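*Asks:*
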Amino acid sequence: MNLSYRIYYVFLRNMVSYKRFVVPTFLVSLVEPLFYLITFGIGMGAYMGYFGGKPYLYFLVPGVLVSSVMMSSTFECLYGTFVKMVHEKLYDSLIATPVSAEDAVAGDIAWGAFRGLVSGSLMMLVAVIMGIIPVSIPSLLLLLVLMVFIGVLFASLAMIVTSVSPSFDFFNYYTELIITPMLFFSGVFFPLDKFPAWMQKLSEFMPLTHAVKISRAVFSGEYQAKYIWNFLIIFVLEIVAFVVGIRMMKKRLIK
Amino acid sequence: MGAFITAKDLTKKYGDLTAVDRISFEIQEGECFGFLGPNGAGKTSTVRMIHCVSPVTSGTLTVKGMPAHIDNRAVKMMTGVIPQEITLDNDLTVTENLAIFAKFFDIPGREAKKRIAELLKFVELEAKRSSKIDELSTGMKRRLLVARALLNQPKLIIADEPTTGLDPQARHLIWQRLRQLKAQGTTLILTTQYMEEAQQLCDRIVIMHQGKILREGLPPKLVEEEIGREVIEIRINKDEDERLIGRLAPFACGHERVGDTLYFYCRDGHDILKKLVELDLPNTWTRPASLEDVFLKLTGRGLIE
Numbered sequence: 042m043n044l045s046y047r048i049y050y051v052f053l054r055n056m057v058s059y060k061r062f063v064v065p066t067f068l069v070s071l072v073e074p075l076f077y078l079i080t081f082g083i084g085m086g087a088y089m090g091y092f093g094g095k096p097y098l099y100f101l102v103p104g105v106l107v108s109s110v111m112m113s114s115t116f117e118c119l120y121g122t123f124v125k126m127v128h129e130k131l132y133d134s135l136i137a138t139p140v141s142a143e144d145a146v147a148g149d150i151a152w153g154a155f156r157g158l159v160s161g162s163l164m165m166l167v168a169v170i171m172g173i174i175p176v177s178i179p180s181l182l183l184l185l186v187l188m189v190f191i192g193v194l195f196a197s198l199a200m201i202v203t204s205v206s207p208s209f210d211f212f213n214y215y216t217e218l219i220i221t222p223m224l225f226f227s228g229v230f231f232p233l234d235k236f237p238a239w240m241q242k243l244s245e246f247m248p249l250t251h252a253v254k255i256s257r258a259v260f261s262g263e264y265q266a267k268y269i270w271n272f273l274i275i276f277v278l279e280i281v282a283f284v285v286g287i288r289m290m291k292k293r294l295i296k
Numbered sequence: 002m003g004a005f006i007t008a009k010d011l012t013k014k015y016g017d018l019t020a021v022d023r024i025s026f027e028i029q030e031g032e033c034f035g036f037l038g039p040n041g042a043g044k045t046s047t048v049r050m051i052h053c054v055s056p057v058t059s060g061t062l063t064v065k066g067m068p069a070h071i072d073n074r075a076v077k078m079m080t081g082v083i084p085q086e087i088t089l090d091n092d093l094t095v096t097e098n099l100a101i102f103a104k105f106f107d108i109p110g111r112e113a114k115k116r117i118a119e120l121l122k123f124v125e126l127e128a129k130r131s132s133k134i135d136e137l138s139t140g141m142k143r144r145l146l147v148a149r150a151l152l153n154q155p156k157l158i159i160a161d162e163p164t165t166g167l168d169p170q171a172r173h174l175i176w177q178r179l180r181q182l183k184a185q186g187t188t189l190i191l192t193t194q195y196m197e198e199a200q201q202l203c204d205r206i207v208i209m210h211q212g213k214i215l216r217e218g219l220p221p222k223l224v225e226e227e228i229g230r231e232v233i234e235i236r237i238n239k240d241e242d243e244r245l246i247g248r249l250a251p252f253a254c255g256h257e258r259v260g261d262t263l264y265f266y267c268r269d270g271h272d273i274l275k276k277l278v279e280l281d282l283p284n285t286w287t288r289p290a291s292l293e294d295v296f297l298k299l300t301g302r303g304l305i306e
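Going down the list, the protein sequences come from chains A and B. Number 296 marks the last residue of the first sequence (the working numbering); no jumps. Number 306 marks the last residue of the second sequence (the working numbering); no jumps.
#1: For chain A, find out if any of its Cβ atoms is closer than 8 Å to the Cβ of B:Met67; answer yes or no.
#2: Mapping DSSP to helix, strand and coil, what is B:Pro84?
#3: What residues from chain B crowd round A:Tyr50, counting only those whose CB sits closer than 9 Å?
#4: Measuring only the C-alpha atoms, how far is A:Asn328 from A:Arg288?
#5: Going by beta-carbon coordinates alone, are B:Leu93 and B:Ile117 separated by less than 8 Å?
#6: Could you check if A:Phe225 is buried or exposed, using at least 16 other CB atoms within 10 Å of its CB as the buried criterion?
#7: Rank A:Leu181, A:Tyr264, A:Leu166, A:Met200 by C-alpha distance to the C-alpha of A:Glu117 and give the top, closest one.
#8: If we ignore side chains and look at the alpha-carbon of each, how far apart do A:Leu119 and A:Phe195 end up?
#9: Cβ atoms of B:Leu145 and B:Val95: under 8 Å apart, would you say?
#10: Can you tell me which of the three DSSP states A:His128 falls into?
#11: Would you say A:Ser204 faces chain B, with C-beta separation under 8 Å as the test?
#12: For A:Ser141, tell me which candidate among B:Ile246, B:Val54, B:Ile24 has the shortest Cα-Cα distance.
#13: Using only alpha-carbon positions, find the residue among B:Val224, B:Gly140, B:Met50 that is nearest to B:Leu1.
#14: Check the C-beta distance from A:Phe123 over to A:Ser206 and give it rounded, since I have them as a contact under 8 Å.
#15: Cβ of B:Leu11 versus every heavy atom of the ligand COA: is any distance shorter than 7 Å?
#16: A:Pro248 and A:Leu218: beta carbons closer than 8 Å?
#17: What residue range is occupied by the uninterrupted alpha helix (DSSP H) comprising B:Leu245?
#18: Going along chain B, which residues have a C-beta under 8 Å from A:Lys296?
#19: Would you kindly check if the distance between the Cβ of A:Leu106 and the Cβ of A:Ser256 is under 8 Å?
#20: Give the straight-line distance between the Cα atoms of A:Ala266 and A:Val64, rounded to the nearest whole angstrom.
#21: According to DSSP, which residues form a beta bridge with B:Ser59?
#22: By the DSSP assignment, the beta strand (DSSP E) with B:Glu234 in it spans what residues?
#23: Taking a Cβ distance cut-off of 9 Å, strictly less, list which residues of the segment 222 to 249 of chain B are near chain A, in chain order.
#24: Put B:Leu37 into one of helix, strand or coil per three-state DSSP.
#25: Quick one: is B:Pro169 buried, meaning 16 or more other Cβ sit within 10 Å of its Cβ, or exposed?
#26: Nearest chain B C-beta to A:Ser227 closer than 8 Å, yes or no?
#27: For B:Gly229 and B:Gly255, I'd like the C-alpha separation in whole angstroms.
#28: Buried or exposed, going by whether 16 or more other CB atoms sit within 10 Å of the CB of A:Ile280?
#29: Is the segment 204 to 221 of chain B in contact with the segment 244 to 253 of chain B, if contact means three or more CB pairs nearer than 8 Å?
#30: Could you give the uninterrupted runs of the alpha helix (DSSP H) lying entirely in the segment 188 to 233 of chain A, keeping only those of 4 residues or more?
#31: Could you tell me whether the Cβ of A:Arg257 comes closer than 8 Å to any Cβ of chain B?
#32: Compute the Euclidean distance between the alpha carbons of A:Ser109 and A:Gly82, then round it to the nearest angstrom.
#33: Just reading off the beta strand (DSSP E) that B:Pro220 is part of, what are its end residues?
#34: Between B:Thr193 and B:Ala199, which are expected to be in contact by the criterion C-beta below 8 Å, what is the C-beta distance as a whole number of angstroms?
#35: Here's a check: name, in chain order, each residue in its chain whose Cβ is nearer than 7 Å to the Cβ of B:Gly186, leaving out the five neighbours to either side.
#36: Please confirm if B:Arg97 has its CB atom under 8 Å from at least one CB of chain A.
Following this line, the structure appears as structure tokens:
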């Protein structure tokens, strides 16, 4: 792993280019989760009554926060990276400079995570405006930190997919077969305890499940030791995905 | 003094395909060294190994005493690359493209600003400094690539077919700039399939074909050795070959039939020209031998001696 501080330069490059897209991307990263909040939260939530003594929106918001991070970082490191690599040949000119292939890929993962953080934070802002507020300031800050971890995780996973992708079409397998099901099987919209046991087991293998659990606990300030386990799962998977993602991308970039 | 770049039995394989096949060469500091060859000859693969973006399969390759290696940041730090493909950052403006690249080389902001202003002037793009990349013509994009390659004040410049697809004005501007850099002592490596480009710029060339180096030398000397001084082209029906070759071959050092033309290559054209006048043939041209003849002889078609 030939990583250096130049990761930051790659991040900076993305930031400079982002200036031009900031408004449309804000809109896009807001609309989808907002749509969930309104349809599920307000529309369906009206029939749901109270969840553990609180309105349904309190159940929903922490899940939507992390899933919006997942979506943004995933898409950034699928489509964004693919365009830069294949269409614009940006990586080719990067690795001819002292920026290594590892720096370049890690910089893009950092960027994907940042995009996730931006989406999650915007979502949080909307939730706060709707009156759904984390229990305390530390809990809000902790949620932001959690978003960074989730962002790096899903950006790295997406990088693995991008490294083997022959074209855009390939991404559909990943988004439709893995990401979208994860959204519905990770307890974002409803508790998993009514699922049959095997489905509950299956959901344990989905990183988003663990992220949602932590997010919900932090949001309401119900810290318990068992969440360390959930965090460890995310953290270990993240390290593995980061290393594998960079290795595989390097293999594709350097011939 | 040792050579700036030394390659010994350098080989590059992509799976089963051998792109560069055990070649050896030396490039001196301050020299302009050209790799000539048709598409797929292995030129780009060779220079990519030199500037450390492609791993060496076998053999040795050193740049300024350092082994060329994919993680050799020191070589990349002192090298400027003008790539074959236009790899500008389309999301950024002209100035931003250069500013971000300066970052990659750790050039501090103020210094970068100064160099960017100088370089935009050098490649005559000052008026386009705030333009987006897709507003530039191909020639402007190529000039911007030249400017980008010079940001780190490189000791070694690698120009991989730098004038492909350019009009003569833009091509000559790039040649002038490259000559200026060479005059300042920069070592220059050029790959090209334009013979004129090689003649304009290179001190020494190698002709590559199918991964191997066929010839190495000074361009005029190669022409003299391989072809001679003059080429006579006769556009004539094939039936006449036997008669003409019988009359003219004794005065030439080689002849060849390609398509509708019969070629004679000579060291000294005097005698053959006299003979030609006697024969009074229409459609006959005499011209000096060029690098292109050498290139075609070595890479394209066999010469019948």
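Don't be surprised by glycine CBs; every beta carbon is placed ideally from N, CA and C. Predicted, not measured: the structure shown is a model, and the values here were computed from it.
*Replies:* From the atom records:
#1: no
#2: coil
#3: Ile101, Lys104, Phe105, Asp107
#4: Lying before the first or after the last residue shown, residue 328 of chain A is absent from chain A, which here runs from 42 to 296.
#5: no
#6: exposed
#7: A:Met200
#8: 10 Å
#9: yes
#10: helix
#11: no
#12: B:Val54
#13: Within the shown structure, residues of chain B are numbered from 2 to 306, placing residue 1 of chain B beyond reach of any answer.
#14: 6 Å
#15: What this structure holds is no ligand at all, so the ligand COA is not there to describe.
#16: no
#17: 242 to 249
#18: Tyr15, Ser55
#19: yes
#20: 40 Å
#21: B:Thr12
#22: 231 to 236
#23: none
#24: strand
#25: exposed
#26: no
#27: 9 Å
#28: exposed
#29: no
#30: 210 to 215, 221 to 226
#31: no
#32: 15 Å
#33: Careful: B:Pro220 lies outside any beta strand (DSSP E), inside the alpha helix (DSSP H) at 220 to 227.
#34: 6 Å
#35: Gly31
#36: Note on residue identity: the sequence assigns Glu, not Arg, to residue 97 of chain B. It does: the Cβ of B:Glu97 has a partner Cβ on chain A nearer than 8 Å.
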